[in-house]
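> Dropping a structure here in structure tokens format, bear with me for questions.
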Amino acid sequence: MVTRERPAGDVDYERHGQGYAVLRRPDLRIEARVHAALGAARTVLNVGAGTGSYEPADRYVLAVEPSATMRAQRPATAAPAVDATAERLPFDDDSVDAAMAMVTIHQWTDVEQGLREMRRVSRGPVVVLTVDAPALRRFWLADYFPEVIALDETRFPAIDRVVDVLAAGSAEVRVDVVPVPLDCVDGFGEAFYGRPEAFLDPEVRAATSGFGLADAAAVQRGVDRLADDLAGGAWDRAHGHLRTQAEYEGAMRLVIATP
Ligand SMILES: C[S@@+](CC[C@H](N)C(=O)[O-])C[C@H]1O[C@@H](n2cnc3c(N)ncnc32)[C@H](O)[C@@H]1O
Numbered sequence: 023m024v025t026r027e028r029p030a031g032d033v034d035y036e037r038h039g040q041g042y043a044v045l046r047r048p049d050l051r052i053e054a055r056v057h058a059a060l061g062a063a064r065t066v067l068n069v070g071a072g073t074g075s076y077e078p079a080d081r082y083v084l085a086v087e088p089s090a091t092m093r094a095q096r097p098a099t100a101a102p103a104v105d106a107t108a109e110r111l112p113f114d115d116d117s118v119d120a121a122m123a124m125v126t127i128h129q130w131t132d133v134e135q136g137l138r139e140m141r142r143v144s145r146g147p148v149v150v151l152t153v154d155a156p157a158l159r160r161f162w163l164a165d166y167f168p169e170v171i172a173l174d175e176t177r178f179p180a181i182d183r184v185v186d187v188l189a190a191g192s193a194e195v196r197v198d199v200v201p202v203p204l205d206c207v208d209g210f211g212e213a214f215y216g217r218p219e220a221f222l223d224p225e226v227r228a229a230t231s232g233f234g235l236a237d238a239a240a241v242q243r244g245v246d247r248l249a250d251d252l253a254g255g256a257w258d259r260a261h262g263h264l265r266t267q268a269e270y271e272g273a274m275r276l277v278i279a280t281p
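My numbering puts the first residue of the sequence shown at 23, with every later residue one more than the last.
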């Protein structure tokens, strides 16, 4: 197994990536949007591919993933991933029909360079699933874990910036809100908008990098307060309607750049 001396992004997946594939599975409803955005592409490059979530099974996939721990969790049926980074993609100009990056750009060392690289190697769409961090402020989680949300605001690049970079070399860049289903199986934070008890589970928190990077004592204070509010009914009085709300339009965004 080839591991990097230093992680390629702001999270050390060699240490924290174990078990990722269990909690971060592709959600079929989000996947349908991603695959539609890929259009008729026959060859697809997945950058920051992790364990292979959202890769289409019916097309030729190339994957780039710098963490050996993540590469090791790719299913046997998935394409093997190349050890490389977004900032320097080992592919020629216009060599794939489409390029995708799912919930990864916030970890890159140089987001603009990585996006330019995706634009360079794709002769078709560039599809980016990411978070509009200012929209996270509206999520009830911000009341309990303000430090995590504040950190995410500094980590996720502004959507306008992503659009501006991709606009160079694209005829159109569209930003779609991605509604999160109540039973979403991809365990990013908003996936549990109607299942607040999930955040009491350390494994659930560990699958969202913001929790791991924030101050541990502050996170524990939020966990304790959430546990109290759930036990005493305060959470349900304020947000209980979310337990049965079919979808949540929060911060998830699909950026689709077409040449
Ligand atoms: C939250 S995971 C997402 C993985 C996968 N795309 C998914 O949707 O489950 C973020 C991934 O980005 C990778 N990553 C971090 N820095 C990177 C970089 N500079 N270039 C490419 N990938 C990077 C990490 O190793 C990790 O696998």
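We treat Cβ as the ideally placed atom computed from N, Cα and C, and that holds for glycine. All figures in this text were calculated on a predicted structure; none of them were measured in a lab.
#1: Measuring alpha carbon to alpha carbon, tell me which of Arg227, Gly74, Val133, Arg141 ends up nearest phenylalanine 113.
#2: Where does tyrosine 270 sit, in a helix, a strand or coil, going by DSSP?
#3: Report the rounded CA-to-CA distance for glycine 234 versus aspartate 34, giving the unit in angstroms.
#4: Could you name the residues of the same chain whose beta carbon sits closer than 7 angstroms to that of arginine 47, not counting the 5 residues immediately before and after it, in chain order?
#5: Say the cut is 7 angstroms; is the CB of tryptophan 162 nearer than that to a heavy atom of ligand 1?
#6: Find the nearest neighbour of aspartate 32 within the set Ile278, Asp174, Leu188, Ala240, judged by alpha-carbon distance.
#7: When every heavy atom of ligand 1 is checked, does at least one fall within less than 7 angstroms of the C-beta of glutamate 53?
#8: Quick check: what's the CA-CA separation for proline 179 versus tryptophan 257?
#9: Given this structure, state the Cα-to-Cα distance separating arginine 28 from glutamate 225, to the nearest angstrom.
#10: In whole angstroms, what is the alpha-carbon distance linking alanine 240 and arginine 81?
#11: Within this structure, are the beta carbons of leucine 60 and valine 143 separated by less than 8 angstroms?
#12: Under DSSP, the beta strand (DSSP E) around aspartate 198 begins and ends at which residues?
#13: Does the distance from the CB of aspartate 105 to the CB of threonine 65 come in under 8 angstroms?
#14: Among Ser231, Glu219, Leu204, which residue has its Cα nearest to the Cα of glutamate 269?
#15: Between the segment 119-130 and the segment 150-165, do at least 3 Cβ pairs fall closer than 8 angstroms?
#16: So alanine 121 is in the beta strand (DSSP E); what residue range does that whole segment cover?
#17: Measuring straight from C-alpha to C-alpha, what distance separates valine 170 and aspartate 237?
#18: From what residue to what residue does the beta strand (DSSP E) around alanine 33 run?
#19: Please say whether glutamate 87 and alanine 351 have beta carbons closer to each other than 8 angstroms?
#20: Specify the secondary structure class of proline 281 as computed by DSSP and reduced to three states.
#21: Could you check which residue in Met92, Pro78, His57 has the C-alpha nearest to that of threonine 25?
In terms of the structure at hand:
#1: If you number the sequence shown from 1, residue 113 lands on position 91. That would be Arg141, whose Cα lies nearest to the Cα of phenylalanine 113.
#2: As a first step, residue 270 must be located in the sequence shown, where it is residue number 248. Strand at tyrosine 270.
#3: Position 212 of the sequence shown, counted from the first residue, corresponds to residue 234. Position 12 of the sequence shown, counted from the first residue, corresponds to residue 34. In this structure, the CA atom of glycine 234 is about 10 angstroms from the CA atom of aspartate 34.
#4: Against the sequence shown, residue 47 aligns to sequence position 25. So the qualifying residues of the chain are Ser75, Val207, Asp208.
#5: By one-based count along the sequence shown, residue 162 stands at place 140. For ligand 1, not one heavy atom lies less than 7 angstroms from the Cβ of tryptophan 162.
#6: For this step, residue 32 is matched to residue 10 along the sequence shown. Checked all of Ile278, Asp174, Leu188, Ala240; the closest Cα to aspartate 32 is Asp174.
#7: Start at 1 with the first residue of the sequence shown, and residue 53 comes out as number 31. Outside the cutoff, so no.
#8: Counted from its first residue, the sequence shown places residue 179 at position 157. Counted from its first residue, the sequence shown places residue 257 at position 235. Looking at the two C-alpha atoms, the distance is approximately 31 angstroms.
#9: Along the sequence shown, one-based indexing puts residue 28 at 6. Along the sequence shown, one-based indexing puts residue 225 at 203. The straight-line gap from Cα to Cα measures roughly 24 angstroms.
#10: The residue labelled residue 240 in the question sits at position 218 within the sequence shown. The residue labelled residue 81 in the question sits at position 59 within the sequence shown. C-alpha separation (whole angstroms): 44 angstroms.
#11: Taking the first residue of the sequence shown as 1, we reach residue 60 at position 38. Taking the first residue of the sequence shown as 1, we reach residue 143 at position 121. No, the Cβ-Cβ distance between leucine 60 and valine 143 is not below 8 angstroms.
#12: Reading the sequence shown from its first residue, position 176 is the one you call residue 198. For aspartate 198, the enclosing beta strand (DSSP E) begins and ends at 194-199.
#13: Counting from 1 along the sequence shown, the entry for residue 105 is found at position 83. Counting from 1 along the sequence shown, the entry for residue 65 is found at position 43. Their beta carbons are not under 8 angstroms apart, which means aspartate 105 does not touch threonine 65 by this criterion.
#14: On the sequence shown, residue 269 is found 247 positions in, with the first residue counted as 1. Glutamate 269 has its Cα closest to that of Leu204, out of Ser231, Glu219, Leu204.
#15: yes
#16: Locating residue 121 in the sequence shown gives position 99, where the first residue counts as 1. Here the beta strand (DSSP E) through alanine 121 covers 120-124.
#17: Locating residue 170 in the sequence shown gives position 148, counting from the first residue. Locating residue 237 in the sequence shown gives position 215, counting from the first residue. Answer to the nearest angstrom: the Cα atoms are 8 angstroms apart.
#18: As a position in the sequence shown, residue 33 is number 11, starting the count at 1. Residue 33 is actually valine in this sequence, not alanine. Annotation: valine 33 is outside any beta strand (DSSP E) and is labelled neither H nor E by DSSP.
#19: Only positions 23 to 281 of the chain appear in this structure, which leaves residue 351 out of reach.
#20: Here residue 281 corresponds to residue number 259 of the sequence shown, with the count starting at 1. Looking at proline 281 - three-state DSSP - the assignment turns out to be coil, as it is neither helix nor strand.
#21: Looking up residue 25 in the sequence shown gives position 3. Cα-wise, what sits closest to threonine 25 is Met92.
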